[in-house]
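Residue numbers (this note's numbering): 15 to 412.
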């Protein structure tokens, strides 16, 4: 069965699949920095960039930073709704298959951290996905209200963090320098392992870093993830994700997209002209980009909705098909970039400037989406999607 035949049989629109493909491309454009340099001051230890590097960073931060994961998260929430509807049609229990899926994602995420990328999102999705289950029966209005509440909470957390560091930088520069010196020492030690370590040493480094980050990453990033999970779930329940011609999408294109782009560009300019992400100016830039993210996300959804309408073109079908196996593509991206930059691979860690990294990310995105799309011309699902599905349905009934 072809992609279009499968969609027709399931009553699905290509809109969500196009969103997934676009989101995944944006994710690799952001993530490549964290493969190439020790974070959070990606690309260099102090913002010593060429004009081309600055242009590359500005473009990625304006267009993709804090927008790609929000799009992807919204589609995860939409997926919950589709799974619920499928279970209802088949008359089978939904909870067992859902929690098996979350456990499968968790195990894949742990393997992803160990063998490819410390910035994995799947563990967060698995943990927060269990929380999402509690919201599954809420009304559209309630889902949106909870989503707004979580976004406000995340804004407060990020704003307080940025403000606290900015105040310390302004009023206690000596303590700030001590903190920054310790961070630089940790980054240099980390860089040495990634650039020169063996495969086993790099795995140990990734796992150590993730354990240190987990208590910070899951609550902070998870608050934003659950918000967009809820928005995606509400989108399916309200019918707007099945209707790319809904009035919301026209408003998103005309109003929300330019607002989000302008706010993001202001934040990106502050970031690229700072002396690093962990500075008062850099954190302010990050906070401003965060504030623009919901507008940009809705704006992108509006433009993708418009693209999804009308006659099917080869490019549209190609991208939508790729959007059905984004888990495979996401993991492939990490494997490719880890081999390119790690010492056990090509050893380019810490040697490629921002513009070069963005070019590598762009090429990796094209390769992985192409692989996923071409794979789907021969198989019903992507390889990792098939593995996860087999685990999900192992004892939950089809």
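Heads up, the beta-carbon is just placed ideally off N, CA and C, and yes, glycines get one too.
Quick caveat: nothing in here was measured; it's all calculated off a predicted structure.
- Per DSSP, residue 27 is not a residue of any alpha helix (DSSP H), being assigned neither H nor E.
- Residue range 340 to 355 is occupied by the alpha helix (DSSP H) that includes residue 346.
- Unbroken beta strand (DSSP E) runs of no fewer than 3 residues, entirely contained in the region 352 to 390, are not found.
- Bounds of the alpha helix (DSSP H) holding residue 75 are 65 to 77.
- Residue nearest to residue 37 within the set 339, 391, 177, 85 is 85 (criterion: CA-CA distance).
- Looking from the CA of residue 373, the closest CA among 35, 29, 50, 167 belongs to 50.
- When the alpha-carbon of residue 408 is set against those of 28, 67, 111, 81, the nearest one is in 111.
- Put simply, of 178, 251, 279 the residue whose alpha carbon is nearest the alpha carbon of residue 294 is 178.
- With contacts defined by Cβ atoms closer than 8 Å, residue 209 and residue 367 do not form a contacting pair.
- Straight through space, the alpha carbons of residue 176 and residue 297 are spaced by roughly 5 Å.
- In this structure residue 363 touches residue 205 by the C-beta definition: roughly 7 Å separates them, less than 8 Å.
- Taking C-beta atoms as the reference points, residue 82 and residue 41 count as a pair closer than 8 Å.
- For residue 130, there is no enclosing alpha helix (DSSP H), since its DSSP letter is neither H nor E.
- A residue is called buried when at least 16 other Cβ atoms come within 10 angstroms of its Cβ; residue 300 meets this threshold and is buried.
- At a Cβ-Cβ threshold of 8 Å, residue 258 and residue 322 count as neighbours.
- Closest in C-alpha terms to residue 170, from the list 227, 238, 201, comes 238.
- One alpha carbon belongs to residue 267, the other to residue 134, and they sit about 31 Å apart.
- In this structure the region 122 to 139 lies against the region 335 to 351, because at least three pairs of beta carbons, one per stretch, are closer than 8 Å.
- Straight across, the Cα-Cα distance linking residue 371 with residue 360 is about 14 Å.
- Taking 4 residues as the minimum length, the alpha helix (DSSP H) runs contained wholly in the region 257 to 291 are 261 to 265, 271 to 286, in order along the chain.
- The Cβ neighbour count for residue 155, taken over all protein chains shown within 10 Å, is under 16; the residue is labelled exposed.
- Taking all protein chains in view, the Cβ of residue 186 is surrounded by fewer than 16 other Cβ atoms within 10 Å, so the residue is classified as exposed.
- Put simply, the backbone Cα of residue 228 is about 20 Å away from that of residue 203.
- Residue 317 and residue 328 have their C-alpha atoms spaced approximately 18 Å apart.
- In the three-state scheme derived from DSSP, where H, G and I count as helix and E and B as strand, residue 80 is classed as coil.
- Scanning 386, 330, 344 for the CA closest to the CA of residue 375 turns up 344.
- Look at the region 135 to 215 and you find these whole runs of alpha helix (DSSP H), each 4 residues long or longer: 136 to 146, 154 to 185, 187 to 210.
- Between residue 236 and residue 90, the beta carbon gap of about 12 Å keeps them out of contact (Cβ cut-off 8 Å).
- Only residues of its own chain outside the window of five on either side were considered, and among them 299, 302, 303 have a CB closer than 6 Å to the CB of residue 281, listed in chain order.
- In the DSSP assignment, residue 398 falls within the alpha helix (DSSP H) that extends over 397 to 406.
- Judged by pairs of C-beta atoms under 8 Å, the region 328 to 340 touches the region 383 to 402, as three or more such pairs exist.
- Cβ contact annotation for residue 224 (same chain, cutoff 6 Å, sequence separation greater than five): 127, 132, in chain order.
- Inclusion of residue 161 and residue 244 in the CB contact set at 8 Å is warranted, their separation being smaller than that value.
- For a cut-off of 8 Å, the C-beta gap from residue 29 to residue 319 is around 6 Å, short enough to register as a contact.
- Around the CB of residue 80, 16 or more other CB atoms lie within 10 Å, so the residue is classed as buried.
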